Each structure stands twice: as structure tokens, then as C-alpha cells.
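Enquirer: Protein chains in written order, with my numbering: chain Y, 1052 to 1613; chain B, -3 to 162; chain A, 574 to 865. Mind having a look at this structure? Questions to follow.
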Amino acid sequence: MPEKKDEELRIGVFICHCGSNIAGYLDMEALEEFTKALPHVVFVQRNLYTCSEGGINEIKKGIVEQNLNRVVVASCTPRTHEPLFRNSCAEVGLNPYLFEMVNIRDQCSWVHMQEKEDATEKAKDLIRMGVAKAALLQPQEPIMSEVTTRALVLGGGIAGMTAALALADRGYEVVIVEKQDRLGGMMNNINKLGPSMINADELVSQKIKAIDEHPKITVFTNSELAAVKGFIGKYKVDVKTGTGTKNIDIGVILVATGASVFTPKGLYGYDGKHVITQLELEEMMKKGLDPSIKNVVMIQCVGSRNEDRPYCSRICCQVAVKNAILIRDQNPEARVSILYRDMQMYGVENEEMLRTSKARGVRYINYSPENPPKVEEEKVQVYHPLLGEELELPADLVVLATPLVAREDTHDLSQLLRVSIDENGFYLEAHVKLRPLDFATDGIFLCGSARYPANVREVVAQALGAASRASIPLSKGSVVVEPIISVLANEDACRGCGLCAALCPYGALEIRETEKGRKVHVIDVACKGCGVCAATCYQHALTINSYTDDQVTAQIEAFLGG
Amino acid sequence: MNSESGKHRVRAKLETRAQELTERLELQSVRSCYICRTCTSSCPVTFIDPRFNPLAILRMVLYGKIEEVLNSDFLWLCTSCYSCQERCPQEIPIADIMTKLKNKAFKLGNAPVGVRAQMDIIKKAGRTYPLDDFDNKKRAKAGLPELPTSCDVVKTLFESETESLK
Amino acid sequence: MKYALFLGCTIPARARNYELSARRVAETLGIELIDVERFVCCGFPIKSSKQFSAELLSAYNLALASEAGLELCTLCSSCTSALTEVAHELGYKDESQLAAVNSHLGPLGIQYSGRVTVRHFARILIEDIGLERIRKSITKDLSGLRVAVHYGCHYLKPSDIYGGFDQPEEPTTLEELVSLTGAEVIDYPGKKKCCGGPVLPVDERVALSLAKEKLDAVHEAGADLLCLVCPFCSVMYDGNQKGIENEFGVNYGLPVLYLTQLLGLAMGLDRKALGLNMNVVKTKDLMKKIPE
Chain Y
1052 MPEKKDEELR
1062 IGVFICHCGS
1072 NIAGYLDMEA
1082 LEEFTKALPH
1092 VVFVQRNLYT
1102 CSEGGINEIK
1112 KGIVEQNLNR
1122 VVVASCTPRT
1132 HEPLFRNSCA
1142 EVGLNPYLFE
1152 MVNIRDQCSW
1162 VHMQEKEDAT
1172 EKAKDLIRMG
1182 VAKAALLQPQ
1192 EPIMSEVTTR
1202 ALVLGGGIAG
1212 MTAALALADR
1222 GYEVVIVEKQ
1232 DRLGGMMNNI
1242 NKLGPSMINA
1252 DELVSQKIKA
1262 IDEHPKITVF
1272 TNSELAAVKG
1282 FIGKYKVDVK
1292 TGTGTKNIDI
1302 GVILVATGAS
1312 VFTPKGLYGY
1322 DGKHVITQLE
1332 LEEMMKKGLD
1342 PSIKNVVMIQ
1352 CVGSRNEDRP
1362 YCSRICCQVA
1372 VKNAILIRDQ
1382 NPEARVSILY
1392 RDMQMYGVEN
1402 EEMLRTSKAR
1412 GVRYINYSPE
1422 NPPKVEEEKV
1432 QVYHPLLGEE
1442 LELPADLVVL
1452 ATPLVAREDT
1462 HDLSQLLRVS
1472 IDENGFYLEA
1482 HVKLRPLDFA
1492 TDGIFLCGSA
1502 RYPANVREVV
1512 AQALGAASRA
1522 SIPLSKGSVV
1532 VEPIISVLAN
1542 EDACRGCGLC
1552 AALCPYGALE
1562 IRETEKGRKV
1572 HVIDVACKGC
1582 GVCAATCYQH
1592 ALTINSYTDD
1602 QVTAQIEAFL
1612 GG
Chain B
-3 MNSESGKHRV
7 RAKLETRAQE
17 LTERLELQSV
27 RSCYICRTCT
37 SSCPVTFIDP
47 RFNPLAILRM
57 VLYGKIEEVL
67 NSDFLWLCTS
77 CYSCQERCPQ
87 EIPIADIMTK
97 LKNKAFKLGN
107 APVGVRAQMD
117 IIKKAGRTYP
127 LDDFDNKKRA
137 KAGLPELPTS
147 CDVVKTLFES
157 ETESLK
Chain A
574 MKYALFLGCT
584 IPARARNYEL
594 SARRVAETLG
604 IELIDVERFV
614 CCGFPIKSSK
624 QFSAELLSAY
634 NLALASEAGL
644 ELCTLCSSCT
654 SALTEVAHEL
664 GYKDESQLAA
674 VNSHLGPLGI
684 QYSGRVTVRH
694 FARILIEDIG
704 LERIRKSITK
714 DLSGLRVAVH
724 YGCHYLKPSD
734 IYGGFDQPEE
744 PTTLEELVSL
754 TGAEVIDYPG
764 KKKCCGGPVL
774 PVDERVALSL
784 AKEKLDAVHE
794 AGADLLCLVC
804 PFCSVMYDGN
814 QKGIENEFGV
824 NYGLPVLYLT
834 QLLGLAMGLD
844 RKALGLNMNV
854 VKTKDLMKKI
864 PE
């Protein structure tokens, strides 16, 4: 919908009172009078709440009755209400990108509550700048791109298998890439799963069978991801397998790579025989515990919640309690003591399992990190702060609860996928509450212990959730993105230096050989419009839609000219 | 077998004995304690004399140190006020546990003199404060009815009980 | 209204003032208290040494009441809890326990049926007489008095044997009864704390320290008197008050009255008839605050 060049600019400005949030601290009449006198402004209206149904109708009425072709709302933050106001414009036929928002609440009334006059002057400046920019706004059209309906699942553990099956059952093709020689991941080493105490093997073999039989799932074992190119809907990945490298077209990627167990080398006399980890105990119990073992002492938080690894590994308490109960089952004469710092038995069933273990005679002894237990031959000494003395516990077997830690290859893989990792080396989601299973990069999703240590129940829930999230673009078959993105406005100026492509956090730029030489190409679906490229380009070849040099300069001039 | 590991076998045996004693006295409910310390903070005695600490006693029972409790002086500082028991979120009958422990300690001959004297006098007279003719005179003066000055019933009761325990 | 009066050990020997005042108040309210000569110790003092013997003593007393076909009315809180606990055990739990107890009562030619109700005098006042009827017997206004009440432990605890009587963490019954006299009931910290009596034969210093804590708090709160319902508690606060004053170098002079003495005064009963002359801490000054 290109506007006619000679079309008369007709700007409407709606100034919101936000109840008394704005009107209580600014001189609203003065603002209205001031705005009326600005260039191209043909209509000004004040509303009690512009975002209310009444306010929205006023915008629509203004566009229709006043024949407005640019709309400015001076109110609150665009983070929450810009989409709403844009839609209102679109509903009455005005291109939504001919809308501009000015934030006179957060930036004026809220921060300058005690200075009405100055705050009003600042609001005038902001409105003047907004109007100046609005005059130069150009209509934009949303960008659409096709999606390859095939998912790549990295990791064939319980998370990956669950997610793969969920996607394949929806009818999408799934490729699982597993590093080890078989599916199952860490579950292959686990004995039973609490609190229901089902065999881990049963669950794993069920899933493997379902995957083997599924026509939509392809599994590559002994394989790893070698390269990733492209963007949501159109990835090209290289998978290195035992027989060579496969190049596969992929629409979405799920990261389900899990975690590894911290090995407590040099801690509490760890030797893998008499002093072992909980995971090693799992394997031992799978074979059946040696009946001569009468005294088991478990030590929690070994190598976690300290300076090196400040986080809580979440699952170790449940694992210890579960294993303590199972030891009493296998060997009723065995005495089990759990030395802990804090017991994290969240949820109804875990708490119940803790109570059961206590009723079954499992002993819990609190220790403080300043006074850690001492493992000696056939005994463990622990200082009990309440009794003020050292307790001596006979021990045939000492079990250390060590945390799950990020896999060694997390960093490399995160570079390959262009996704973030957190301070502990685990993958980082886009938003802890709003987007817990997405990465910030569109089209890549996350589940299981690759994010943080999780028990099987949580992993399965996350995997189903991540599969659900991933199936949104797959089921739509296409993705639509905001057109406020980088554009090569001046192709001749571009020298193909590649600085922009190197800096782009989303992998949205690439240098291509063209008839005119090396030029940057914007992958518009991948671009987020952050502006790093445009700001970097010293040829001023790149610009951002709706934040063009002209528009920004006009704003600055409007400010200085005030 | 070196002497160290021999020592631990002894220790393990002690633990087993403590465990058995705990079960015989039906004190297993101590296991559900999650150390919230409500008992201790409710205890009027701990406030006065920290030697007596209900939580510590529960933990000692749990950690196989029950005999240490039975030999202690502090056990007898419990007033049986039930504050701990009323407030225990895990519904551990703490005051009743103290009674059981005291009973056992009494049996082992570990009760303080005052407690033993009380037992003796009741066994003999059926009352903590036996009444004599002088008391009855005072009662009569105050217009109160006369009460018996001796009590054979108690003897019979205690005999019957001792008999059945043989 | 007829009840078997269970006096226990302490009252007939050391708390005749309690016994006198309870009997007088009962008469005034038309409560008939029957004396059972053969009652023995309730068992409470030996519970910590030999619980089973203690329970046998309780059961014997219960059996006597059941033989007389009467409910038990107790004055001492410790007796109340010991007897109630056994009545509760034998009345609601398995029959084998009742049979075991009866096998020991056999030689005495008595059996326990397993159904006797035990209640403290104050509880009977609340539940059987009712505040309204008591109010009608009140002839004197004691509004000049500031009264601190002491519940003690076994009047309300262990609560699971008391069938929902009052609320052990927020009791109100004593306040309700004292308020009938027009006296002002004042609050003070540590209202529910133990008197320390049971550890008196174990560690006198600890027992007296416990009692001192309460005397401090009540004194600090400006009470004219401490009102209670158990002779054991009275021994600690009245009988041992002078000793505490000497031991810790403090001075209270705080009169300690039984609930029945306070109610009796409000009912216009004579000071001597209520045994107020037998209270250890003198109550004469207190009388000046009460209308003639």
C-alpha cells in the first residue's frame, strides 16, 4: 500500500490521561494546546484511558472521520500497548506501521512527580519528536517464510525421546541425533524411579520400542551436530555420523542434551568402590546390593552449593531418599543415614517419600558446610551442632550426592546454535516465566536437564511442552515476522566487509557474491531489528525499518529545534 | 581385623541395641521429626536451663544415644507440661516419650532421690501427703470431713502388679 | 447435680482453703459433692516412675466412682489429667486393656466398667451450671480488682483427652468465670507457662525459677492477685512465694487465690468460710478493695 508522494500529511495525536497516572502530574491542557500547533497535526484529543475500549474507538473514529494518515499516541510504554494501538489502526485500514508511540508516563509523570512544569516541558519535547518521526513513517508489510516440517532433536535421552515421539505423533518428521551408541541417555544407568519405584529400564525400553516402530522418526546414534545454517523454518544442518556427514533440511531444533554427573575426585575419599556417587549406587543396586553391606552413609550436596557450583542440583535429595528406602527394601537390616544440609523434597509425593523413609528408620543428620563430615575407614564422623558433639557412624558404603553439571560440549554447541548459556554453563531459556521452553532465537527449543537438573517427571513434562511449542511453526507451515528489520538501503555503499555479519547476534546477515561484488544479505525472517548492524556499518549502507537515519535525525532536530 | 575396625563393630552393635530399645519402648515416632524446633522453643524448662532440650533428646534417641539419655540428670527436668506435644507439627507425642524414657530410667535405678521418695511414700501410704490424726483435727476445726489415715488398698494393688510381672 | 468429689493428696493436707471454698461455692450453686472415703492418690506423682502403677491407681479411683454411680469432680489439675487420661484410654481404646486393668483390681473386689466421666470443678461450672446461673448468685461487685489468671498445664492438656474443652493455645474459660465477679482480667506474658511444680523434687532451683518467671510477669502487669485452679500451682506461687523472694532478692506480696475463693467472695461468702485466712500470702489488704 504505497502512499502517494503528494498526499497531504494528516497526523492525529491522542494524549492519554491514564486516569491520574499522567494527568495528575502534567498540565494536560497545555500539552493539548502545544500539540495542536505542531506541523501536520490536524487532530488532537485527550482520553481518560486511550487503551480502553472507548479510547480505541476514538482512534478509529479519528482515522475515519478526520481522514488521518498518521497516528501518534502519547501515553505509556510501547512494550505493552503498541500492538493494541497498531491493530486499531489496521482495523480501519491504516497501515499499522504508520503509528508512533510516545511514552509520557514512564518518562515524564512517573519520574518527575514533584516537578509538574519541567515534566510537562519534557512531555512536549517527546511529543514534538514523535510527531516529527511520524511524518516520515513509511508503511510496512509483514514478512512471511515457509517452514520445513521436520524437527531435529539433539539428544536421545528421556527428554529427547519424549519430545521426538510427541512431534512424530503429530505427523511431523523427526531426526534424533544421539552421541552414544544407543538411546536412553542417563536413564540407562538408573535403577528405579521414585516415588512410584518403577524400573527405569521399563520406561526406556517402552520409549525405544515406540521410536523404533515410528515411521516418522529417524535416529542417528554415535552422531553429533557438526554445523547449523539458516533460521527458523529453514535450517540446514550437518550431522556427523559413523559413516559420514548427512546434510538435512530442518524446520525447528529441540535441544535435549541433558547433563552429566559431577565426579567428586578428591572429595570425601571418593574411590568408586566404597565411596561412590548416587549414580554409581544406582548401577550397584540394579545388580543387587551386596548383602554384607549393613551401614550406609549418604552425604548430600557434595560439590554443589559451594563457590564453584553455587546452585542446588534439585534432584539429589529425592534420589538419596529413594535409594535409602530401596536399600532398606533389599537389605532390611541395613542402617541408612543421610547427612544433609537442607532437604529439598518439594511437592506432595516427594514429601510423602521423605516421611515414608523416616518411618522406615532412615536417619537424617544435619551438617553445616563449615563442619563437613569426615569419611574415614569404615566410618563417617559428623559434627552435630545441636548436640554439640561428633557423631561416629559405622559405614560399609559411603554414597555421595553430586550435582548434575552442564555437559562439556555445551559451550561449543551453544556457539553453533547461537543460543545463550547461564553462569553455570547450562543452556538459558528466553524468559524464565514467559518462555521457559524457548531459546531467544526463534525456532530453537529447550527441555530437560540441559537447562537445569530435573527429575524424570519434570523432564517428561518439559519435553511435551517443548514439542508443543515447536509444533506451532510446524503446523502453521510458515512464520510471519515483524517488518521492523534491517534493510540494505544503499547497496552501492556496501563493501561486503562482513563486520555486520560477524556482530549480528541472530545470524541474520550473510555476505553474498553478487554481480556488484560482495554484498551483505539480510535474512529477514531471522532479523530481530536490534540495530547493531546499522549502527556498526560505517558506510551507512544498512538501516532499520521505522528507525531510518532520516526518521531519527528528524527526531533529534525536532528536539534541538524546540 | 585391626583394632580400629573392631571398635566399629562394637559401635555397630551398640547402635543395634539402641535401635532395639527404641523399638521396645515404642519410640519410633521420633523418626518423623524434621527439626523445626517448635518443641524446644515451646519448652518452659529449656528457657530456664538449657541442659534440658526436648529436640536434643529426640535426636539422641534417633542417633542411638538412648542410653546416654537414660543415664542423664537432665531427662528429669521435664515438667510434663505438654507444650511440646501440643505444638509438634509431626504429632510426635514428645511428653509421652519423656514419660516412657523416665519410666525406663527409673527401672534402671537412675531416678533422682526426690522421685524415688515420692514412689516409696505412695506405695506405703497411698498418698503423697499421708494424713494423720493431727491433720484430721485441723480438718474438723475447719469444718471439713474426716479422712482415713491409712491405706491398705495400695499395698494390694502394687502386690498384684508385682505378682503379674514375675 | 451430684458428683463424687475427688480431692487427691495435696488438697486435704495442704490446700484446705481450696477444699473449703470449693465446698461452699458448690453449696451456693446447688451442686452436691459426695465424699468417697476410699479414694487414693490419682497416680500422677508416680507416672514418670511407673506409668502402669499410676494407671492402676487411676483405674481404682474410677472404679470407685463407677461403683457409686457418680461422675468425678476434681479440684486438682494433675488429678484431672491423670484420671481423664486413664478414663479416656480404657473407655475408647481396646477392651483387652480394660480387662488387664480389671484383673489387677480383682483382688480388691472391684471392677471398672470403663465409663466414668472426669471433669474439673471449673469445667463443671461452665458446662453444667452455666455462666448465667452463676451470675445470679453473684452479690458483690469485685470491679476494684485486677486479676491475672493462671491456667496451668493439665487443666487443658494433653488436649486430645479433654474432648474439645476450651482451647489450649487460646484458653478463655477462666477469664469468663473470673469476669462474672466484675473483676478486671488482665493479660500478661507467659500466661500459659507451667508453674514448675513437677520438677520440685528433682531440681528446686529450676522449679523456683519457673515460678519466678510468672510471678515477675504478673507483678509487672500490675495484678492485685493471681487466680488459679490447681493446688500444685498454688504450692509454687503461694506456698513458695516467700522462698522465691528470699532466693532471688525480689518482692511481690502477690496474693494467690483459688478460683473458688474469688467466686465465693463475689457470692458474698465469709472470708474465713472460704479459707482465705489459710492463704500463705496475706489477703487482708486485698479485702480493702472489695465492698463490705
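Note that beta-carbon positions come from the ideal geometry of N, C-alpha and C, so glycine has one too. These figures come from a predicted structure and were not determined experimentally.
Residues of chain B with CB under 8 Å from Y/Arg1406, in chain order?
Expert: By one-based count along the first sequence, residue 1406 of chain Y stands at place 355. Those within 8 Å of Y/Arg1406 in chain B are Ser28.
Enquirer: Tell me where the beta strand (DSSP E) around Y/Asn1298 begins and ends.
Expert: Start at 1 with the first residue of the first sequence, and residue 1298 of chain Y comes out as number 247. That run of the beta strand (DSSP E) goes Gly1295 to Ile1301.
Enquirer: Look at the alpha carbon of A/Ser639 and the alpha carbon of A/Val691, and state the distance between them as a whole number of angstroms.
Expert: Translated into the one-based positions of the third sequence, residue 639 of chain A becomes position 66. Translated into the one-based positions of the third sequence, residue 691 of chain A becomes position 118. Cα to Cα, the separation comes out at about 11 Å.
Enquirer: Going along the chain, which unbroken runs of the alpha helix (DSSP H) with 4 or more residues stay wholly within the region 24 to 72 of chain B?
Expert: Fully enclosed alpha helix (DSSP H) runs of 4 or longer: 34 to 38, 40 to 44, 50 to 58 and 62 to 66.
Enquirer: Could you please give the first and the last residue of the uninterrupted alpha helix (DSSP H) stretch that includes B/Asp92?
Expert: The count along the second sequence starts at 1 and reaches residue 92 of chain B at position 96. Residues Ile90 to Lys103.
Enquirer: If we cut at 9 Å on Cβ distances, does A/Tyr633 have a partner in chain B?
Expert: Start at 1 with the first residue of the third sequence, and residue 633 of chain A comes out as number 60. Yes, its Cβ sits closer than 9 Å to a Cβ of chain B.
Enquirer: Going along chain B, which residues have a C-beta under 8 Å from Y/Leu1442?
Expert: Counting from 1 along the first sequence, the entry for residue 1442 of chain Y is found at position 391. Near Y/Leu1442 (Cβ distances below 8 Å), the residues of chain B are Tyr59.
Enquirer: Given that B/Ala113 touches chain Y, what residues does it touch there, using C-beta distances under 9 Å?
Expert: Stepping through the second sequence from its first residue, residue 113 of chain B is reached at position 117. What B/Ala113 touches in chain Y: nothing, since even the nearest Cβ is about 32 Å away.
Enquirer: Is Y/Met1238 buried or exposed, if buried means 16 or more other CB atoms sit within 10 Å of its CB?
Expert: Locating residue 1238 of chain Y in the first sequence gives position 187, counting from the first residue. It is buried - the Cβ of Y/Met1238 has at least 16 other Cβ atoms within 10 Å.
Enquirer: Which class does Y/Pro1445 belong to by DSSP, given the choice of helix, strand or coil?
Expert: If you number the first sequence from 1, residue 1445 of chain Y lands on position 394. Of the three classes helix, strand and coil, the one that applies to Y/Pro1445 here is strand, per DSSP.
Enquirer: Can you check whether the CB of A/Leu593 is closer than 9 Å to the CB of A/Leu847?
Expert: One-based indexing of the third sequence puts residue 847 of chain A at position 274. One-based indexing of the third sequence puts residue 593 of chain A at position 20. In contact: A/Leu847 and A/Leu593 (Cβ atoms closer than 9 Å).
Enquirer: Run through DSSP, which three-state label would Y/Met1238 get?
Expert: Here residue 1238 of chain Y refers to the residue found at position 187 when the first sequence is read from its first residue. Helix.
Enquirer: Quick check on A/His727: does DSSP put it in helix, strand or coil?
Expert: Along the third sequence, one-based indexing puts residue 727 of chain A at 154. Reduced to three states, the DSSP call for A/His727 is coil.
Enquirer: Kindly indicate the opening and closing residues of the alpha helix (DSSP H) around B/Ile117.
Expert: As a position in the second sequence, residue 117 of chain B is number 121, starting the count at 1. B/Ile117: member of the alpha helix (DSSP H) spanning Val109 to Ala121, first to last residue.
Enquirer: Give every residue of the same chain whose Cβ lies closer than 8 Å to the Cβ of B/Thr34, excluding the five residues on either side of it in the sequence, and list them in chain order.
Expert: Walking along the second sequence from the start, residue 34 of chain B turns up at place 38. Excluding residues within five positions, the ones whose Cβ falls inside 8 Å are Cys80, Arg83, Cys84 and Pro85.
Enquirer: Quick check: is the beta carbon of B/Ala52 nearer than 9 Å to any beta carbon in chain Y?
Expert: Your numbering for residue 52 of chain B matches position 56 in the second sequence. So, interface residue.
Enquirer: Drop a sphere of 10 angstroms on the beta-carbon of Y/Val1399, count the other beta-carbons inside from all chains shown, and report buried for 16 or more, exposed for fewer.
Expert: On the first sequence, position 348 is the one that residue 1399 of chain Y refers to. The residue in question, Y/Val1399, is exposed, as its Cβ has fewer than 16 Cβ neighbours within 10 Å.
Enquirer: Taking Cβ-Cβ distances shorter than 8 Å, what residues in chain B pair up with A/Thr583?
Expert: For the purposes of this step, residue 583 of chain A is taken as the residue at position 10 of the third sequence. Correct list: Thr124 and Tyr125.
Enquirer: Consider the Cβ of B/Val41: report whether some Cβ of chain A lies at a distance smaller than 9 Å.
Expert: Along the second sequence, one-based indexing puts residue 41 of chain B at 45. Taking Cβ atoms only, chain A reaches closer than 9 Å to B/Val41, which makes this a yes.
Enquirer: Select from Y/Leu1467, Y/Pro1383 and Y/Phe1085 the residue whose C-alpha is nearest the C-alpha of Y/Val1306.
Expert: Walking along the first sequence from the start, residue 1306 of chain Y turns up at place 255. Of Y/Leu1467, Y/Pro1383 and Y/Phe1085, the residue nearest in Cα terms is Y/Leu1467.
Enquirer: Anything in chain B within Cβ reach of A/His677, meaning under 8 Å, just list it in chain order.
Expert: Residue mapping note: residue 677 of chain A aligns to position 104 of the third sequence, counting from 1. Residues of chain B whose Cβ lies closer than 8 Å to the Cβ of A/His677 are, in chain order, Leu153, Ser156, Glu157 and Ser160.
Enquirer: Any residues in the region 755 to 784 of chain A with a beta carbon nearer than 7 Å to a beta carbon of chain B? Which ones, in chain order?
Expert: Lys766, Cys767, Gly769, Pro771, Val772, Pro774, Val775, Asp776, Val779, Ser782 and Leu783
Enquirer: Please report the distance separating the alpha-carbon of B/Phe43 from that of B/Ser37.
Expert: On the second sequence, residue 43 of chain B is found 47 positions in, with the first residue counted as 1. On the second sequence, residue 37 of chain B is found 41 positions in, with the first residue counted as 1. One C-alpha to the other measures close to 8 Å.
Enquirer: Kindly say whether B/Cys32, judged by its beta-carbon, lies nearer than 9 Å to any beta-carbon of chain E.
Expert: The structure shown contains no chain E; the protein chains it does contain are Y, B and A.
Enquirer: How should B/Asp128 be labelled, buried or exposed, when 16 other C-beta atoms within 10 angstroms of its C-beta is the threshold for buried?
Expert: By one-based count along the second sequence, residue 128 of chain B stands at place 132. It counts as exposed.
Enquirer: What three-state label does DSSP hand A/Leu593 in the structure shown?
Expert: One-based indexing of the third sequence puts residue 593 of chain A at position 20. DSSP places A/Leu593 in helix when its eight states are reduced to three.
Enquirer: DSSP three-state call for Y/Glu1331: helix, strand or coil?
Expert: Counting from 1 along the first sequence, the entry for residue 1331 of chain Y is found at position 280. Correct three-state label for Y/Glu1331: helix.
Enquirer: Taking a contact to mean a Cβ-Cβ separation below 9 Å, would you say B/Lys164 touches B/Val150 in this structure?
Expert: Residue 164 of chain B lies beyond the residue range present for chain B, which begins at -3 and ends at 162; the question has no answer from this structure.
Enquirer: So if I threshold CB-CB distances at 8 Å, which residues from the region 603 to 623 of chain A count as touching chain B?
Expert: For the region 603 to 623 of chain A, the residues whose beta carbon sits under 8 Å from a beta carbon of chain B are, in order, Asp608, Glu610, Arg611, Val613, Cys614, Pro618, Ile619, Lys620, Ser621, Ser622 and Lys623.
Enquirer: Is any beta-carbon of chain B found at less than 9 Å from that of A/Phe694?
Expert: Translated into positions along the third sequence, residue 694 of chain A becomes position 121. It does not; no Cβ of chain B falls within 9 Å.
Enquirer: Alpha carbons only, please: which of Y/Asn1357, Y/Tyr1319 and Y/Asp1380 is nearest the one belonging to Y/Lys1345?
Expert: Taking the first sequence and counting its residues from 1, one reaches residue 1345 of chain Y at position 294. The residue with the shortest Cα to Cα distance from Y/Lys1345 is Y/Asp1380.
Enquirer: Exposed or buried, what is A/Asn824 when buried is set at 16 or more other beta-carbons lying within 10 Å of its beta-carbon?
Expert: As a first step, residue 824 of chain A must be located in the third sequence, where it is residue number 251. By the Cβ neighbour-count rule, A/Asn824 is exposed, with fewer than 16 other Cβ atoms within 10 Å of its own.
Enquirer: Please decide whether B/Asn49 counts as near chain Y, where near means a Cβ-Cβ distance under 9 Å.
Expert: Taking the second sequence and counting its residues from 1, one reaches residue 49 of chain B at position 53. B/Asn49 belongs to the set of residues whose beta carbon lies under 9 Å from a beta carbon in chain Y.
Enquirer: If you reduce the DSSP assignment to three classes, tell me which class Y/Lys1570 lands in.
Expert: As a first step, residue 1570 of chain Y must be located in the first sequence, where it is residue number 519. DSSP places Y/Lys1570 in strand when its eight states are reduced to three.
Enquirer: Leaving out five residues before and five after Y/Thr1296 in sequence, what residues of the same chain have Cβ atoms less than 8 Å from its Cβ?
Expert: Counted from its first residue, the first sequence places residue 1296 of chain Y at position 245. Excluding residues within five positions, the ones whose Cβ falls inside 8 Å are Ala1277, Asp1289 and Val1290.
Enquirer: Between the alpha carbons of Y/Glu1021 and Y/Cys1127, how many angstroms are there, rounded?
Expert: Because chain Y is modelled from 1052 through 1613, residue 1021 of chain Y falls outside the range shown and cannot be assessed.
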